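Read the structure below first, then the notes.
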Amino acid sequence: MTLYLLKRLAVLVASTAVAGVVVFAFMALLPGDPAEIALGVNATPEAVAALREQFGTDRPPVVQFLDWFGGLAQGDFGTSYVTSAPIGPQISDRLGVTAVLVLGGMAVAVAIAVPLGTFAAVHHRNPLGAAISAVSQIGIAIPAFLAGILLVFVFAVKAQALPSGGYVPIADSPGEWLRSLLLPWLSLGLVQGAVLTRYVRSAVLDVMREDYLRTARAKGRGSTGALWRHGLRNASIPVVTVLGLQLATLLIGAVVVERVFVIPGLGDLLLNGVAGRDLLLVQGVVMVLVAAVLLINFVVDVAYHLLDPRLR
Amino acid sequence: MRRIGIWIATGGLLLATAACGGGSSSGGGGDAGAPKSQTLSVGFVAEPANLDFTSTEGAAIPQALLVNVYEGLVKLDQDGKIVPLLAEKWEVSPDRKTYTFTLHDNVKFSSGAPFTADDVVFSLDRVKADWKLKIKSQLDVVDKVEKKDDTTAVVTLKKPSNGFLYSMATRLGAMFSRTGVSDLANKPVGTGPYTLASWRRGDSIQLAANPSYWGTKPALSSITLKYFKDATAMNNALLTGGIDVISSVQAPESLQQFADPNRFQTVEGTTNGEVVLSMNNGRPPFNDKKARQAVRYAIDHKALLETAWAGRGQLIGSMVPPTDPWYEDRTGDYPYDPAKAKELLGGKTLNVKMRIPNLPYAVASAQVVKSQLAQVGINADIEPLEFPARWLDQVFTKGDYDLSIINHVEPRDMGIFADKSYYFRYDNPEFGKLLASADSGTEQEQTEDLKTAAKLLSDDAAADWLFLFPNLIVAKKGVTGLPKNAISESFDFTALAKQQ
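Written as structure tokens, this is what we have:
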């Protein structure tokens, strides 16, 4: 187990480093000069040149990369071209908001998928089970932002029950914080929940056909009891895999949902950064997202080992 | 049928969740019984990058701070006239090179420091020494600034300039405290009716009434400026009571949602924004005046405004908005006349590149322009470019375009046509001479010269002016004191109030 952990950790570090090179290379390919954009339609060539020097974008790309990546390794994300403020604190402020959004969305998804999926599997032969399956199929087809727009229209604009957007920090008012996050959580969670429902359903169906479950029933347990006692752990293995993959999808979904709901998270920071060609900021945010996805994969792999004794 | 299924499913789920949350959220909504403090929240599109407009470009900073937090000696009123602010009055010497400003004597900065002629000297000297923006060159005409006594400041110019006093009404004339410039990016210190209370980056700025304000105290105790990158999100916020005012409606078709007069009011005014159909004067085919004139004749401006912008806005015909003193209606110079356009083209067909920014007004207008030009034999290939980055690079900096459409929002910006390296590549020395003589002449000469200059631009067909961008504000019923015209750099909150 320890050896496996070490190996996996080495892969994690190596992938992050490679990701750094790729992210930097893509940013360098992005058309548009940060200095030109910062100065806008009033710029003179001299002012643009001076600003390039100030930003350090007049140096060779390799030097810029080493400078940036060296700083990153020490936890220094550099200084934003646009706000002239350090990037690290900006990212960590926003990361908290996005994390709450993604984890809440995940929780909604799990809360929907596990009971519905199990129910659909157990009752796969009757109409209700089939109906759940059909509805989840539709849910998969709806992107999170569309779900967000529909939810806003129904619950904010028409029913006037919840705010249409905005974010209230939990320290200001826990109640308003919850109200401001309900619709974003639902938009992320409903869609992912639909996807997850199908995985839960098929995982439970597979488990139900296993010999050991029949044996458990033969020994006198009810079918529900047998499923609880022997089935869920085994069914959870494929579900955890999907959950890990979905967390990554949710992060990307959050970027868009933040725009719909005017939530100051990482996605909002990222889109602003791209528009203003605040390259260091964009690189920083993308690196954090990449690192998060790699970390999630790492945790999923480790979780397999804990769930499935055969792998140990 | 399936769709209904989803509605029911999501509805049921939300009710369940809302019921769970209901108990804990009462703290937020339960203060209805408390006395009503007068606050308003206003939705904006662009958030400032930081709060220092002396070193950072961007219209969002003066929009939030000028007149509201920082004040100048003079300001622009709603009709575009220069009126007193921190200066009670001013006198101009007969040679028009010396301006003597008499200051109000009871003015304090929000830090408590008194405002005197020393601060005028400090602020204007600072423009030359410390400002980092290109626009600071507008004050190059200032020779020296002196204090005569605590309430009298004297500005001497190198040569007479009408532009000087106008510049003093912009951010360049903002008055800073000698002890208040250490952290401009985060802590503005001004003499205005509001002070900065808090800033939640990515979300909102809160301004609080300045209790020691020298002038008429504002009716509101605080104002929240909320920033939305998404127009739909801003509209929804007004519909659901998240904000009280939309400072500028992004697309006129969204006005229908606010048609109910019992809930909302719409205010339509003018701006300094000329939506210009720019033509590249520096390369074929539009280096040929006849081709440019053909474009002007080929466009039915009235139909374009109706189709592209729901008829909101005004037709102008040259580079002058109606709030400038030298405005003349130049829409008659090139009346819609496709036959004449064809004649000017001599039966030729032109194939041109129309590279536009991916902004709503440009995309909407480009479609109409394309179809109207097609009727006279000009085939325009529309290419939307990401704004600002790619448009600035391709069109503005490299000048690689034939036609483009952009809203030139800067005030009194006819002068951009005098710079032949500007992306219009328009080169007519006569025009530059008129501008120079306008700046140094008397006010009357200035008006005459600029009228002639605007006519020259129009006659030369240096570009085509599609329409003047409208200022569209939507607010809840009962909000008063909204600035109808957006013709200065600031969104003036000073008269804003709310009827109970």
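Protein chains in written order, with the UniProt record's numbering: chain A, 1 to 312; chain B, 1 to 500.
We treat Cβ as the ideally placed atom computed from N, Cα and C, and that holds for glycine.
From a predicted model like this one, the values you see are computed outputs, not experimental measurements.
Check, Outcome
"Could you check the C-alpha separation between A341/B and H301/B for me, to the nearest Å?", "14 angstroms"
"DSSP on S221/B, reduced to helix/strand/coil?", "coil"
"Quick one: which residues of the region 237 to 259 of chain B get their C-beta closer than 8 angstroms to a C-beta of chain A? List them in chain order.", "A237, L239, T240, G241, G242"
"Bridge partners of Q90/A, per DSSP?", "Its beta-bridge partners do not exist; DSSP assigns none."
"For D143/B and S173/A, what's the separation of their Cα atoms in angstroms?", "55 angstroms"
"What's the gap between the Cα of T323/B and the Cα of F493/B?", "20 angstroms"
"Would you list, in chain order, the members of the region 366 to 400 of chain B that have their beta-carbon closer than 7 angstroms to a beta-carbon of chain A?", "P388, A389, R390, L392, D393, F396, T397"
"Could you say if the region 165 to 173 of chain B and the region 74 to 91 of chain B meet the contact criterion of at least three C-beta pairs nearer than 8 angstroms?", "yes"
"Does any C-beta atom of chain A lie closer than 9 angstroms to the C-beta of Y99/B?", "no"
"Could you give the first and the last residue of the continuous alpha helix (DSSP H) run that contains D449/B?", "443 to 460"
"For D33/A, go through chain B and note every residue whose CB falls closer than 7 angstroms to its CB, in chain order.", "D393"
"Can you give me the Cβ contacts of A366/B inside the same chain, cut-off strictly under 7 angstroms, excluding the 5 residues immediately before and after it?", "M354, I356, I382, I405"
"Are the CB atoms of L239/B and T224/B nearer to each other than 9 angstroms?", "no"
"Give the interface partners of L39/A over in chain B, defined as CB-CB distance under 8 angstroms, in chain order.", "E57, K134"
"Beta carbon of L220/B, beta carbon of S490/B: below 9 angstroms?", "no"
"Looking only at its own chain, which residues have a Cβ that is under 8 angstroms from the Cβ of K148/B, when we skip the five neighbours before and after it?", "T100, A117, V154"
"With distances taken from CA atoms, which of A463/B, P321/B, L385/B, W326/B is nearest V409/B?", "P321/B"
"Going along the chain, which residues of the region 184 to 218 of chain B sit with their C-beta nearer than 8 angstroms to a C-beta in chain A?", "A185, R200, R201, G202, D203"
"Step through the CB atoms of chain B and report whether any lies within less than 9 angstroms of the CB of L30/A.", "yes"
"Helix, strand or coil for F261/A per DSSP?", "helix"
"Which residues in the same chain have their Cβ closer than 7 angstroms to the Cβ of G313/B, if we skip the five residues on either side of it in sequence?", "L305, F467, L468, F469, P470"
"Verify whether the separation of the beta carbon atoms of T216/B and S110/B is less than 9 angstroms.", "no"
"Apart from the five residues on each side of it in sequence, which residues of its chain come closer than 6 angstroms, Cβ to Cβ, to L315/B?", "H301, T331, F467"
"Please decide whether Q74/A counts as near chain B, where near means a Cβ-Cβ distance under 9 angstroms.", "no"
"According to DSSP, which residues form a beta bridge with F145/A?", "Its beta-bridge partners do not exist; DSSP assigns none."
"Whole alpha helix (DSSP H) runs in the region 23 to 67 of chain A with 4 or more residues, listed along the chain?", "34 to 39, 45 to 55"
"Below 8 angstroms on the Cβ atoms is my guess for F24/A versus F55/A; work out the distance and round it to an integer in Å.", "Contact doesn't hold; Cβ gap of about 15 angstroms is too wide."
"The alpha helix (DSSP H) with T349/B in it runs from where to where?", "T349/B -> no alpha helix (DSSP H), and no H or E assigned at all."
"I'd like to know whether the C-beta of A254/A is nearer than 9 angstroms to at least one C-beta of chain B.", "no"
"Please return the same chain residues whose Cβ sits closer than 7 angstroms to the Cβ of D449/B, not counting the five positions on each side in sequence.", "L434, S437, A438, G441"
"Is K290/B helix, strand or coil when you go by DSSP?", "helix"
"Helix, strand or coil: which one does DSSP assign to P193/B?", "coil"
"My guess is that F264/B and K476/B are in contact by the Cβ rule of under 8 angstroms, so how many angstroms apart are they, rounded?", "6 angstroms"
"With a 10 Å radius around its C-beta and 16 neighbouring C-beta atoms as the bar for buried, classify P483/B as buried or exposed.", "buried"
"Identify which residue in F387/B, A185/B, D333/B, I243/B has its Cα closest to the Cα of L271/A.", "F387/B"
"Going by beta-carbon coordinates alone, are L344/B and A463/B separated by less than 9 angstroms?", "no"
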